[in-house]
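A quick write-up on the structure given underneath.
Numbering (my numbering), first residue to last: 16 to 298.
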């Protein structure tokens, strides 16, 4: 196991400590883990370890906060099937900018920006920094098998995509999961564990799970739950810009986590998500 990156861990801990908009498990939201998901890729019910939705309660007042509001406005801007070219309207571009404007003002993004400037990885000028973020997250590129720009880092990670109509790719965000589940588009199949991963915990902020969305299956996905959009954005941007490795180990709060962050053409995020390695129990 690669030793966790100490400097990056310290930064992630700082982001975590300053994530003022993070929800509290059991108070602002509740989840119901139910059973373990099966191993198959089938959409049939034999594979279903959960008869009920994952989310049993979310205090939706949280979604009125500026960054949540701006984030949620972006979720309906995408064509989920890879291979379908994205048509980006001027309104959508404006929404992307509004979202970036809202998160750049938050403590977590300010901490990340300051660190990236010190490392000469990002411009100090906030406008230029925002342009850099736009390129990384929102600029379109062609995914595998497509000749036309049909994807972006933001769409893949936060919204989710389907490949061939049967497989869900990306989709690593709890807000999108909650909203889609509420609309009846998500069927939660249960949590995912292997021999080495810790048992999931309804009061912890990272979960590996299986679900179907539209007509496709996500055999195993991993997400943060209850964190703010700005925390994820800051964390993933940091990992993308600071690490040439596509997997980086960090320790913060109770968590030992591997952040997977695939680069696409070195300019864009291909995918990024957390993998929980273990819980550190407080002494």
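For every residue, glycine included, the Cβ atom is placed at its ideal position computed from N, Cα and C.
Just measuring C-alpha positions, the residue of 52, 83 and 67 sitting nearest residue 242 is 83. Residue state for residue 188 is assigned as strand, using DSSP reduced to three classes. Using a 10 angstroms sphere on the CB of residue 218, the tally of other CB atoms stays under 16, which defines it as exposed. In the DSSP annotation of this structure, the continuous segment of the beta strand (DSSP E) that includes residue 274 starts and ends at 270-279. Between residue 149 and residue 115, the C-beta spacing is below 8 Å. Between residue 172 and residue 90, the C-beta gap is not smaller than 8 Å, which leaves the two residues out of contact. Rounded to the nearest whole angstrom, the C-alpha separation of residue 266 and residue 272 is 6 Å. The Cβ neighbour count for residue 210, taken over all protein chains shown within 10 Å, is under 16; the residue is labelled exposed. Among the bridge pairs identified by DSSP, residue 228 is matched with 201 and 231. In this chain, the beta strand (DSSP E) harbouring residue 287 covers 283-294. Taking 8 Å as the upper bound for CB-CB distance, residue 257 and residue 134 are in contact here, some 7 Å apart. In this structure, the alpha-carbon of residue 176 lies about 33 Å from that of residue 132. Taking a 10 Å sphere around the C-beta of residue 296, we find fewer than 16 other C-beta atoms and assign the residue as exposed. Distances from the alpha-carbon of residue 67 to those of 203, 283 and 238 put 203 closest.
Within its own chain, the residues whose Cβ lies closer than 6 Å to the Cβ of residue 167, once the five positions on either side in sequence are excluded, are 153 and 155, listed in chain order. Contact check for residue 145 against residue 119 passes: the beta carbons are separated by less than 8 Å.
In the three-state DSSP reduction, residue 40 falls in the strand class (E or B). The residue from 205, 236, 182 and 74 with its alpha-carbon nearest to that of residue 36 is 74. Per the DSSP secondary-structure output, residue 180 pairs with nothing in a beta bridge. Straight-line spacing of the CA atoms in residue 20 and residue 214 works out to 24 Å. The Cβ atoms of residue 220 and residue 190 lie no closer than 8 Å to each other.
Of the residues assessed, residue 105 falls on the exposed side of the cut-off, its CB having fewer than 16 other CB atoms within 10 angstroms.
Bridge partners of residue 193 according to DSSP: none are assigned. Just so you know, the alpha carbons of residue 262 and residue 130 end up roughly 20 Å apart. Residue 223 carries a strand assignment under DSSP once its states are collapsed to helix, strand and coil. Below 8 Å, enough C-beta pairs join the stretch 192-203 and the stretch 224-233 to call them touching: three or more. For the pair residue 170 and residue 117, the CB atoms are not nearer than the 8 Å cut-off. Residue environment: residue 111 is assigned as buried (16 or more neighbouring CB atoms within 10 Å of its CB, all protein chains considered).
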